[in-house]
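Numbering (the working numbering), first residue to last: 28 to 370.
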């Protein structure tokens, strides 16, 4: 059985949504290839889509989705500069994605872009101001945060109380996290779970080659199973669900093709990759599922140096960001907006 962060009754995500498809425009990828990849993901029975704001213009899911399809809109940091126009902007984005229904299962809000990377009360105020605008849009089922650290989430929760203590403001339902083998963000996972904040997981492609080495032994005993599936299975068995695998290398490959015949071959090849993912990860037959050995899981846990190293030693690492875990409380009622936190 997979390891779930929440039980089925408490989670907003069903067994069909444990693995999602990330729709984004990245360097070297064309809009046409992104649109085709979404069509293929729908064909291969993906039901959860994380759509970056920059990719909304090249994706229209209104004619191809059904009731089981969940769309999560991921806003850009510049959304905090929209003010009262933000509502119209988000409604337009949802219309681009979902047609006249203009509905989103969820919307993820990033931290404001600021010249000072330290935590400031003004950043928290801007975040909550944008959050309140989004909270007025009835077609959004829930609001979440995009890759916020613990100190940022603490500032947000404090701001909800201090700025809105006489109004009902919902706390974040979900926090999106970037996960790699060497930084599995265990502290952030536990912190979110202790406060009933679910986690979405973006699997990093930075250590994909290292993952290939981790899973070579398991792959030898499995027939025609892609390395990508082992990375996804590792995330699910580690309780990192729902999770979004990284298919950027496939999209770059398709974007470089100019021959119609070669592009059709790429379509077939990528379809097989996606369909094998749903086949192996959702198969009701136990022996068809991918199970990472306990020894490999233990070895990967040992590579998570951010979690395994003592907090006192983190500051001694070259270029370490010492503001990610523990922070002093920033009092938003104070006139000072230059307070910062450090661990």
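Where a beta carbon is used, it is the ideal one built from N, C-alpha and C, also for glycine.
Bear in mind that the values here come from a model prediction, so they are computed numbers and not experimental data.
{"Asked": "N- and C-terminal bounds of the beta strand (DSSP E) containing residue 47", "Found": "Counting along the chain, residue 47 falls outside any beta strand (DSSP E), and DSSP gives it neither H nor E."}
{"Asked": "Same chain, Cβ closer than 6 Å to residue 260, five either side skipped, listed in chain order", "Found": "317, 319"}
{"Asked": "Residues near residue 62 by beta carbon distance below 7 Å, same chain, minus five either side", "Found": "85, 86"}
{"Asked": "7 Å Cβ shell around residue 98 - same chain, five flanking residues per side excluded", "Found": "76, 78, 88, 124, 125, 131, 132"}
{"Asked": "Beta carbon of residue 172 nearer than 9 Å to that of residue 229", "Found": "no"}
{"Asked": "Residue 163 - containing beta strand (DSSP E), residue span", "Found": "Neither: residue 163 is in no beta strand (DSSP E) and is coded neither H nor E."}
{"Asked": "Among 265, 40, 321, 120, the one whose alpha carbon lies nearest that of residue 95", "Found": "40"}
{"Asked": "Segment contact flag, the segment 200-219 with the segment 155-163, C-beta cutoff 8 Å, min 3 pairs", "Found": "no"}
{"Asked": "Whether residue 179 touches residue 218 by CB criterion (9 Å)", "Found": "no"}
{"Asked": "Residue 295 vs residue 70 beta-carbon contact at 9 Å", "Found": "no"}
{"Asked": "Candidates 185, 116, 216, of which the one nearest residue 268 by Cα", "Found": "216"}
{"Asked": "Own chain, CB closer than 6 Å to residue 72, minus 5 neighbours either side, in chain order", "Found": "305"}
{"Asked": "Buried versus exposed, by CB contacts within 10 Å (16 or more), residue 205", "Found": "exposed"}
{"Asked": "Neighbourhood of residue 169 by C-beta distance below 6 Å, restricted to the same chain and skipping five residues each side", "Found": "133, 200"}
{"Asked": "CB of residue 148 within 9 Å of CB of residue 102, strictly", "Found": "no"}
{"Asked": "Inter-residue Cα distance where the pair is residue 186 and residue 255", "Found": "40 Å"}
{"Asked": "N-terminal and C-terminal residue of the alpha helix (DSSP H) that residue 70 is part of", "Found": "58-70"}
{"Asked": "Nearest-angstrom Cβ-Cβ length linking residue 60 and residue 282, presumed shorter than 8 Å", "Found": "5 Å"}
{"Asked": "Same chain only: Cβ atoms within 7 Å of residue 279, ignoring 5 sequence neighbours per side", "Found": "55, 56"}
{"Asked": "Residue 319 - DSSP class collapsed to helix/strand/coil", "Found": "coil"}
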